[in-house]
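Here the structure is laid out as structure tokens; the discussion comes afterwards.
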Amino acid sequence: MLPTLRGVARGIVRRRDEFRHHVARDAWTVAKRFAAPSVVNIEKREIPLVMWAVVEGWLDDHQRMLIAALAKGLDHRTFFEIGTNRGRTTWTVVRNSPEMRAFTLDVPLGDASSATALDLASDDHHFFRPDEATGEAFHDTPEAERITQLWGDSATFDFSPYAGEIDLVYIDGAHTYDYVKADTANALRMLSPTGMIVWDDYGSNPGVYQLVNEVAATLDRPVYHVYGTRMAIYSRQDFVHRLPYDDHASLPTV
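For the sequence shown, my numbering assigns the number 264 to the last residue and increments by one with no breaks.
This is the structure:
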């Protein structure tokens, strides 16, 4: 024990920036999860339908593989993504569900910095891409015929054609509280009777964290955070089987 602690102390001194970026950041993220009384923390092993799922997709972010597994396991047929970026999540979801029809919304680059209805977070600007690069992951793929690229500001976009029709809504647009609030309200209106909402960047982004915690206290069913992901999930279908935590349980990760 003591040699390990001494090694940790030496490592912190030598690699202070790395320690601050990983250990301190992750410790704060975990602490916030336990400060959210209306959000239930679960492990992947408590989602039976994904435990034996086989999916194909981009490995740069394992989270999108879990989203694809959920969509496949729950037999979702319609997907709406707010925040296209490269389009890797939409492609992965559609690739693994042959009956899936997807819609993905992003702001045209010319409007992104100056014409949004609500304020943007400073880091939101890092995700702007030239229009031709938006959705590049599904361009010229067999899946493209089942994907519709939509353009507009999610705060002012007309979502009414999709009301009650979307099985899975993925919110990964602008990260300010006001934008996440608007996106969540629209997601709830779009949601089908058995639908699901997935919020990205829960725990790691203050605006998303605050809004999801507030909304979770008002919904008719639980909102779950999955350890090891940035995801918070609300579903009108049961998909979680809670397990007792014991000495043999896998330890949760951030």
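Using N, Cα and C, we set each Cβ at its ideal position, and we do this for glycine too.
Between Tyr180 and Val65, the CB-CB gap reaches or exceeds 9 angstroms. With a threshold of 16 other beta carbon atoms within 10 Å, Ala127 falls short and is exposed. Of the residues Arg111, Asn95, Ala63 and Trp68, the one whose Cα lies closest to the Cα of Ile157 is Arg111. Beta-bridge partners assigned by DSSP to Ala112: Phe89 and Ile157.
By the neighbour-count definition (other C-beta atoms within 10 Å, threshold 16), Asp85 is an exposed residue.
Residue pairing by DSSP places Asn51 opposite His235 in a beta bridge. Proximity to Ile207 across Asp27, Val60, Ile92 and Arg24 peaks at Ile92, based on C-alpha coordinates. Distance check between Glu109 and each of Thr88, Asp129 and Leu115 places Thr88 closest, using alpha-carbon atoms only.
If you compare the alpha carbons of Ala63, Ala173 and Thr204 with that of Arg55, the shortest gap goes to Ala63. Distance from the CA atom of Leu115 to the CA atom of Leu160, rounded to whole angstroms, is 5 angstroms. Here Arg252 has Ile52 and Glu56 as same chain residues with Cβ atoms under 8 angstroms from its own Cβ, once five neighbours each way along the sequence are excluded. In terms of Cα proximity to Pro216, the closest of Arg96, Tyr187, Ile243 and Thr204 is Tyr187. Taken in chain order, the unbroken stretches of alpha helix (DSSP H) that lie wholly in the segment 52-82 and span 4 residues or more are 58-61. Boundaries of the beta strand (DSSP E) around Met206: Leu201 to Trp209. It is roughly 32 angstroms from the alpha-carbon of Arg25 to the alpha-carbon of Gln220.
Just so you know, the alpha carbons of Asp193 and Ala79 end up roughly 23 angstroms apart. Between the beta-carbon of Ala147 and that of Arg96 there is about 5 angstroms, and that keeps the pair under the 8 angstroms contact cut. Distance between Asn196 and Ala242, taken at the CA atoms: about 17 angstroms. Counting along the chain, Val179 sits inside the beta strand (DSSP E) bounded by residues Ile176 to Ile181. Straight through space, the alpha carbons of Gly67 and Arg16 are spaced by roughly 42 angstroms. Annotated three-state conformation of Ala197 is helix, per DSSP. Here the C-alpha atom of Val233 lies approximately 34 angstroms from the C-alpha atom of Asp27. Within 10 angstroms of the beta-carbon of Leu201 lie 16 or more other beta-carbons, which makes it buried.
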